[in-house]
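Protein chains in written order, with this note's numbering: chain C, 308 to 785; chain P, 308 to 785.
Right under this line is the structure:
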């Protein structure tokens with residue numbers, strides 16, 4: 308079989324693979340993309356978008372309750388199944404998959420269906436149904452194979468034990484569920500199912516959660532999760548788990564015990580690198596099969612940090628933050644560096660946001676208050692609350708707030724530099740972008756004062772949080 | 308009665324009055340505020356916020372339909388009255404009014420209840436229940452008395468004929484209604500009532516509407532309004548109108564005729580200046596009682612453009628754009644100029660956005676495509692559609708799009724300057740702010756390429772609209 312030569316061979320068609328391939332192809336590179344799954348789009352199309360679609364139902368219920376729209380008769384249909392909720396999801400998923408397909412063909416990217424593995428550092432074979440269907444050589448290889456849920460041995464294999472890949476296949480809505488792990492995925496599903504009326508118990512080994520969030524945001528989220536009925540079993544280690552037809556029981560080292568209809572594991576993810584035959588390319592992985600990369604997303608040896616020539620990796624396969632948003636950005640940046648596409652895109656977005664689709668949403672970018680303290684920065688905080696904002700009052704969001712962190716300076720004539728933006732509340736992940744743009748532009752406190760925001764909008768919170776920070780500075784100076 | 312002296316006397320407690328008063332007080336000025344109405348907050352608290360609250364019900368209905376959430380049983384309660392819908396509205400309105408009250412007292416602003424009128428250019432009397440309750444002298448006077456719906460003589464006075472101030476007092480939901488005037492208010496209510504199930508006929512003298520919007524946005528809004536069932540009677544002049552117990556009939560000059568249960572006038576507004584005794588201060592108004600102002604919002608003579616010493620005006624009383632957002636900004640800026648508060652706020656937001664709460668929402672800032680053509684600017688347009696965006700697909704918005712206008716330049720190395728941002732679709736008025744911040748920062752096309760947007764969000768549309776514009780430039784150069 309003849310080997311086909313490409314400028315770039317991409318493995319995986321999720322957000323990182325798609326955008327990396329499109330970026331290189333846009334600049335005239337010949338690109339091949341290999342996908343082992345039946346469908347394009349990876350985890351974004353397979354689970355992210357569907358779970359966010361299911362979340363719309365939950366949001367509708369929680370949002371409308373908050374809005375107190377008494378003229379509207381709103382209820383869950385008595386015997387609603389998960390599949391009822393997911394009817395719209397299927398069309399959205401199909402739409403997303405065909406969008407990826409269209410994008411690849413629009414960029415003249417050659418697609419190969421099958422499992423890619425290294426022959427050597429430049430050559431890959433593609434295997435489908437046990438047969439080698441192609442041999443590909445790439446000057447550059449981008450690995451974007453994603454990750455899979457990790458199942459700690461302590462949990463048995465049982466059909467009442469799910470993970471984030473299988474939970475959307477539920478054929479009935481459980482009355483109760485245990486979720487193990489209060490990371491992004493665990494928290495998102497805990498909020499979603501709780502809002503849909505399921506009694507959720509969330510087990511987490513630490514007493515805090517998602518330490519990359521600003522502490523106040525994380526604490527407020529905990530409070531909100533309790534309010535919507537999630538039982539937080541924090542600081543608890545699972546010692547054993549039993550599953551049978553009637554349900555699942557989890558025993559904790561503290562001797563506490565919790566029982567529910569089903570259990571969902573959200574105990575971390577393992578990178579999909581086991582089938583790549585990495586040895587042949589001289590690539591060594593880090594823990595949980597993770598590919599280690601340098602600042603250009605070129606693969607490196609986990610200990611020596613020596614680069615693997617021509618091989619890049621992006622997305623979930625390289626570990627945290629493992630968000631579709633950052634995965635796309637990593638892949639685009641990797642390709643800019645690999646093919647020297649400068650100055651088209653000089654910097655990977657220097658500040659990567661996090662968006663967490665809990666109920667309420669959380670989002671943040673730049674420095675947290677905890678990071679400022681660690682680095683010994685002198686800062687002031689300004690906060691503005693949804694329930695003091697006209698739009699926030701209309702939507703009835705009681706807990707939401709925007710928190711801005713500025714670098715302190717003692718001249719009221721001089722704008723204070725924006726260091727961090729943190730939001731919890733409805734559309735937090737959208738609302739963040741106004742602050743993110745300001746962070747990236749290196750804006751100061753005058754920026755939000757100079758903007759005339761639409762009324763009534765949550766966007767106005769930026770102005771009032773800035774006023775609050777300026778007032779705080781004034782108090783310190785007086 | 309002793310005259311009380313203040314640095315600033317503000318007349319009116321709507322968005323302009325409140326923010327102007329607070330701005331001056333924050334900088335140590337002694338401020339009095341006079342309000343003739345029983346409640347603080349002006350039109351923002353009285354009609355804007357309540358109508359947006361009612362709109363939440365409509366949005367819930369239309370949004371959930373678009374999201375195809377079949378697991379949720381959603382319907383209007385059979386005999387729902389407008390008052391049912393507005394139950395939440397009352398608490399929101401009260402909240403907003405007490406927020407204004409709190410803000411005024413927090414800033415140590417003296418409140419006077421009554422009708423203010425000029426004694427001379429520096430002195431005002433305050434009359435309540437026919438008695439003079441105070442005499443106030445201000446070094447600066449800020450007039451922020453707002454406006455009232457205008458009733459053309461052709462329409463009789465009848466309880467089936469409403470305007471935007473009275474429509475929320477409806478005691479039953481009509482089956483059909485006629486709205487006269489397709490400006491912001493007419494279009495907002497047409498969408499709102501149509502979505503709530505009322506058969507709406509919208510009469511407008513021109514064939515286009517809201518010419519300040521980008522043409523494509525305005526046309527798309529027209530299309531969406533037809534889709535939700537609004538009958539558009541455009542290019543029609545009303546020749547006569549009859550109202551009785553059974554309903555209202557309107558006859559057009561074209562001989563067309565339309566009949567409905569009720570009619571709402573949205574035929575422009577008249578400034579509330581008739582009771583101010585402006586003569587005593589030597590102030591002459593423009594058409595419809597409007598106060599004319601210069602670039603600093605100082606009142607001027609409509610013909611000679613000569614300034615009236617010490618008297619400023621902001622908000623609806625000075626006419627278009629007559630939005631709460633711009634009114635606040637005008638008043639703040641006026642006070643900065645009046646009291647020379649520079650450099651606290653050097654510029655009034657140089658670019659004022661418009662946010663229209665139709666269904667779908669529209670929002671825009673900077674130059675429209677029509678303005679670019681008029682000024683002979685060479686530009687490229689980049690658009691990104693909600694239905695090609697993951698979040699847009701989830702919410703099922705079929706028509707929405709973001710349109711960015713950049714100044715053309717022929718060097719692919721050089722970012723193109725952003726000239727205009729226009730959005731139609733769900734949360735358009737929030738989504739605009741990311742582009743508005745970029746406009747104000749003088750950002751180029753690289754700005755949105757460098758930002759890593761959360762996924763899935765509508766915010767991503769900025770990146771893809773920018774890509775589209777860059778592709779358009781590349782095509783022109785090839």
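Ideal placement from N, C-alpha and C gives every residue a C-beta, glycine not left out.
Keep in mind it's a predicted model, so treat the numbers as computed, not measured.
*Nearest residue (CA-CA) to residue 425 (chain P), options P:501, P:439 and P:396*: Working through the second chain from its first residue, we reach residue 425 (chain P) at position 118. Per the Cα distances, P:439.
*From the DSSP output, read off the bridge partner residues of residue 570 (chain P).*
Within the second chain, numbered from 1, the residue matching residue 570 (chain P) stands at position 263. Residue 570 (chain P) pairs with P:468 and P:485.
*Since residue 359 (chain P) meets chain C, which of its residues come closer than 9 angstroms, beta carbon to beta carbon?*
Numbered from its first residue, the second chain carries residue 359 (chain P) at position 52. Simply 697, 698, 701 and 763.
*By DSSP, does residue 643 (chain C) sit in helix, in strand, or in coil?*
Here residue 643 (chain C) corresponds to residue number 336 of the first chain, with the count starting at 1. Looking at residue 643 (chain C) - three-state DSSP - the assignment turns out to be helix.
*Provide the residue(s) that pair with residue 670 (chain P) in DSSP beta bridges, ordered along the chain.*
Along the second chain, read from residue 1 onward, the residue named residue 670 (chain P) stands at position 363. Beta-bridge pairing links residue 670 (chain P) to P:662 and P:730.
*To the nearest angstrom, report how far apart residue 725 (chain C) and residue 690 (chain P) are at their CA atoms.*
Locating residue 725 (chain C) in the first chain gives position 418, counting from the first residue. Locating residue 690 (chain P) in the second chain gives position 383, counting from the first residue. Rounded to whole angstroms, residue 725 (chain C) to residue 690 (chain P) spans 30 angstroms at the Cα level.
*Along chain C, which residues have their Cβ under 9 angstroms away from the Cβ of residue 633 (chain P)?*
Here residue 633 (chain P) refers to the residue found at position 326 of the second chain. 759 and 762, listed in chain order.
*Exposed or buried, which one is residue 449 (chain P) when buried takes at least 16 other CB atoms within 10 Å?*
For this step, residue 449 (chain P) is matched to residue 142 along the second chain. Looking at its Cβ environment, which holds 16 or more other Cβ atoms inside 10 Å, residue 449 (chain P) is buried.
*When the distance is taken between beta carbons, is residue 607 (chain P) closer than 7 angstroms to residue 620 (chain P)?*
Here residue 620 (chain P) refers to the residue found at position 313 when the second chain is read from its first residue. Here residue 607 (chain P) refers to the residue found at position 300 when the second chain is read from its first residue. Not closer than 7 angstroms, so no.
*Would you decide whether residue 514 (chain P) is buried or exposed? Buried here means 16 or more other CB atoms lie within 10 Å of its CB.*
Numbered from 1 along the second chain, position 207 holds the residue referred to as residue 514 (chain P). So residue 514 (chain P) ends up on the exposed side.
*Indicate whether residue 347 (chain P) and residue 399 (chain P) have their beta-carbon atoms separated by less than 7 angstroms.*
Numbered from its first residue, the second chain carries residue 347 (chain P) at position 40. Numbered from its first residue, the second chain carries residue 399 (chain P) at position 92. Not closer than 7 angstroms, so no.
*Classification of residue 696 (chain C) by the beta-carbon crowding that lies within 10 angstroms, buried from 16 upward*: The residue you call residue 696 (chain C) lines up with position 389 of the first chain. Classification for residue 696 (chain C): buried.
*Would you say residue 660 (chain P) reaches chain C, if we count a Cβ-Cβ gap shorter than 7 angstroms as a contact?*
Position 353 of the second chain holds residue 660 (chain P). By this cut-off, residue 660 (chain P) is an interface position.
*Helix, strand or coil: which one does DSSP assign to residue 586 (chain C)?*
One-based indexing of the first chain puts residue 586 (chain C) at position 279. Helix at residue 586 (chain C).
*Thinking C-beta only, is residue 568 (chain C) closer than 7 angstroms to residue 481 (chain C)?*
Your numbering for residue 481 (chain C) matches position 174 in the first chain. Your numbering for residue 568 (chain C) matches position 261 in the first chain. With contacts defined by Cβ atoms closer than 7 angstroms, residue 481 (chain C) and residue 568 (chain C) form a contacting pair.
_chain C residues whose Cβ lies nearer than 7 angstroms to that of residue 406 (chain P)_ = The residue you call residue 406 (chain P) lines up with position 99 of the second chain. Those are 695, listed as they occur along chain C.
_Measuring only the C-alpha atoms, how far is residue 784 (chain P) from residue 688 (chain P)?_
Numbered from 1 along the second chain, position 477 holds the residue referred to as residue 784 (chain P). Numbered from 1 along the second chain, position 381 holds the residue referred to as residue 688 (chain P). One C-alpha to the other measures close to 15 angstroms.
*Report, in whole angstroms, the separation of the C-beta atoms of residue 411 (chain P) and residue 315 (chain P), which I expect to be a contact under 8 angstroms.*
To locate residue 411 (chain P), count along the second chain from 1; it is residue 104. To locate residue 315 (chain P), count along the second chain from 1; it is residue 8. Rounded, the Cβ-Cβ distance is 13 angstroms, inconsistent with contact.
_Residues of the stretch 670-682 of chain P whose Cβ lies closer than 7 angstroms to any Cβ of chain C, in chain order_ = 670
*Short Cβ contact (7 angstroms threshold) for residue 736 (chain P) with residue 670 (chain P)*: Stepping through the second chain from its first residue, residue 736 (chain P) is reached at position 429. Stepping through the second chain from its first residue, residue 670 (chain P) is reached at position 363. Going by beta carbons, residue 736 (chain P) and residue 670 (chain P) fall inside the 7 angstroms limit.
_Residues bridged to residue 441 (chain P) [DSSP beta-bridge criterion]_ = Looking up residue 441 (chain P) in the second chain gives position 134. P:433.
_Strictly below 7 angstroms CB to CB, what residues from chain C border residue 736 (chain P)?_
For the purposes of this step, residue 736 (chain P) is taken as residue 429 along the second chain, with counting starting at 1. Per Cβ cutoff of 7 angstroms: 761 and 764.
*Can you find a CB in chain P that lies within less than 7 angstroms of the CB of residue 663 (chain C)?*
As a position in the first chain, residue 663 (chain C) is number 356, starting the count at 1. Not closer than 7 angstroms to any Cβ of chain P, the Cβ of residue 663 (chain C) fails to qualify, so no.
*To which residues of the same chain is residue 535 (chain P) closer than 8 angstroms at the C-beta, ignoring the five residues directly before and after it?*
Stepping through the second chain from its first residue, residue 535 (chain P) is reached at position 228. Only 369, 498, 501, 502 and 666 meet the Cβ criterion.
*Under three-state DSSP, which class holds residue 553 (chain C)?*
Locating residue 553 (chain C) in the first chain gives position 246, counting from the first residue. Assignment of residue 553 (chain C) by DSSP, reduced to helix, strand and coil, places it in the coil class.
_Less than 6 angstroms between C-beta atoms, sequence neighbours within five positions excluded: which residues of the same chain meet that for residue 779 (chain C)?_
Locating residue 779 (chain C) in the first chain gives position 472, counting from the first residue. Result list for residue 779 (chain C): 687, in chain order.
*Kindly identify the DSSP beta-bridge partner or partners of residue 456 (chain P).*
The count along the second chain starts at 1 and reaches residue 456 (chain P) at position 149. According to DSSP, residue 456 (chain P) bridges with P:576.
_Using 8 angstroms for Cβ pairs, my map puts residue 679 (chain C) next to residue 712 (chain C). What's the rounded Cβ distance?_
Within the first chain, residue 679 (chain C) is the residue found at index 372, counting from 1. Within the first chain, residue 712 (chain C) is the residue found at index 405, counting from 1. Cβ-Cβ separation between residue 679 (chain C) and residue 712 (chain C): approximately 6 angstroms, consistent with a contact (criterion under 8 angstroms).
_For residue 366 (chain C), which residues in the same chain have their Cβ closer than 6 angstroms to its Cβ, ignoring the five residues on either side in sequence?_
Indexing the first chain from 1 puts residue 366 (chain C) at position 59. So the list is empty, once near-sequence residues are dropped.
*Taking only beta carbons into account, state which residues of the stretch 726-752 of chain C come closer than 8 angstroms to chain P, listed in chain order.*
734, 736, 737, 738, 739, 740, 741, 743, 744, 745, 747, 748 and 750
_Beta-carbon within less than 6 angstroms of residue 742 (chain C)'s beta-carbon, same chain only, minus the 5 sequence neighbours each way: which residues are those?_
The sequence position of residue 742 (chain C) within the first chain is 435, counting from 1. Counting only Cβ-Cβ distances below 6 angstroms, and skipping sequence neighbours, we find 728.
*asked:* I want to see whether chain C comes within less than 7 angstroms of residue 599 (chain P), judged by CB atoms only; does it?
replied: The count along the second chain starts at 1 and reaches residue 599 (chain P) at position 292. Cβ-Cβ to chain C under 7 angstroms: no for residue 599 (chain P).
_For a cutoff of 7 angstroms on Cβ pairs, would you count residue 399 (chain C) as touching chain P?_
Along the first chain, read from residue 1 onward, the residue named residue 399 (chain C) stands at position 92. Yes - at least one Cβ of chain P is within 7 angstroms of the one on residue 399 (chain C).
_So residue 541 (chain C) and residue 661 (chain C) are supposed to be a Cβ contact under 8 angstroms. How far apart are they, rounded?_
As a working mapping, residue 541 (chain C) is identified with position 234 in the first chain. As a working mapping, residue 661 (chain C) is identified with position 354 in the first chain. Between the beta-carbon of residue 541 (chain C) and that of residue 661 (chain C) there is about 20 angstroms, and that puts the pair past the 8 angstroms contact cut.
*Could you tell me which chain P residues have their CB closer than 9 angstroms to the CB of residue 414 (chain C), listed as they occur along the chain?*
Here residue 414 (chain C) refers to the residue found at position 107 when the first chain is read from its first residue. Those within 9 angstroms of residue 414 (chain C) in chain P number zero; the least Cβ separation is about 11 angstroms.
*Please report the residue range of the alpha helix (DSSP H) in which residue 678 (chain C) lies.*
Residue 678 (chain C) sits at position 371 when you count from the first residue of the first chain. Run containing residue 678 (chain C): 676-681, per the alpha helix (DSSP H) assignment.
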